[in-house]
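Asks:
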Amino acid sequence: MDVKKVDHVGIAVTSIEKALPFYVEILQLKLLGIEEVESEKVKVAFLKAGETKIELLEPTSPESAIAKFIEKRGEGIHHIALGVNDIQERINELKEKGIRMIQDEPKCGAGGALVAFMHPKSTGGVLYELCERKDAEV
């Protein structure tokens, strides 16, 4: 599988507003943008961290996967996103190698990226996201 880079690291937070000062003022990372992904019931903020990004994920509903994650594990690292080309081909390749996917087809994620997640039971307990972007930034 051809991984271009670590696209971003997703961090679950209860409040982007409360979390941002640490990232912007203390770590001095540049805020690239905030948006809501209604289909996933989350609000996300992207911050530039060198060649990669940090994605803060705030649940907008108690039914969202992020709300359930925070309830079960608390705030913290949620996933690692790997930047790829031709995401559907990567999904097919992973499935052929026995990796269980949460999505068999990519879906639209934050910043207009196409995304698909590998099931953590197939990856040693780590939630990995495949991420295909048409542009260089968010």
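The opening position of the sequence shown corresponds to residue 1 in the UniProt record's numbering, with each subsequent residue numbered one higher. Cβ atoms here follow ideal geometry from the backbone N, Cα and C, with glycine treated the same way.
What residues match up with Leu57 in a beta bridge as DSSP calls it?
Replies: Ala12, Val44
Asks: Which one of Gly50, Glu40, Glu129, Ala116 has the shortest CA to CA distance from Lys30?
Replies: Gly50
Asks: If you follow the alpha helix (DSSP H) that Lys30 is part of, which residue opens it and which one closes it?
Replies: Lys30 -> not in any alpha helix (DSSP H); beta strand (DSSP E) instead, spanning 30-37.
Asks: What is the DSSP secondary structure of Lys107, counted as helix, strand or coil?
Replies: strand
Asks: Sorted by chain position, which residues of the same chain lie with C-beta nearer than 6 Å to Glu129's C-beta, five sequence neighbours on each side aside?
Replies: His79, Ala81, Val115, Phe117
Asks: Is there contact between the segment 89-104 and the segment 70-77, where contact requires at least three CB pairs shorter than 8 Å?
Replies: no
Asks: Can you tell me whether Ile66 is buried or exposed? The criterion is at least 16 other CB atoms within 10 Å of its CB, across all chains shown.
Replies: buried
Asks: Go through the segment 71-98 residue by residue and report every complete run of the beta strand (DSSP E) that reaches 3 residues or more, in order.
Replies: 76-84
Asks: Under DSSP, the beta strand (DSSP E) around Tyr128 begins and ends at which residues?
Replies: 128-132
Asks: Apply the 10 Å Cβ neighbour rule to Val3 and answer buried if 16 or more other Cβ atoms are within range, or exposed otherwise.
Replies: exposed
Asks: DSSP on Leu114, reduced to helix/strand/coil?
Replies: strand
Asks: Give the C-beta separation of Thr60 and Val42 to the nearest angstrom, bearing in mind that I take them to be a contact with Cβ-Cβ under 8 Å.
Replies: A Cβ-Cβ separation of about 6 Å places Thr60 in contact with Val42 under the 8 Å criterion.
Asks: Rounding to the nearest angstrom, what Cα-Cα distance links Ala110 and Ser122 in this structure?
Replies: Using only the alpha carbons, I get a separation of about 24 Å.
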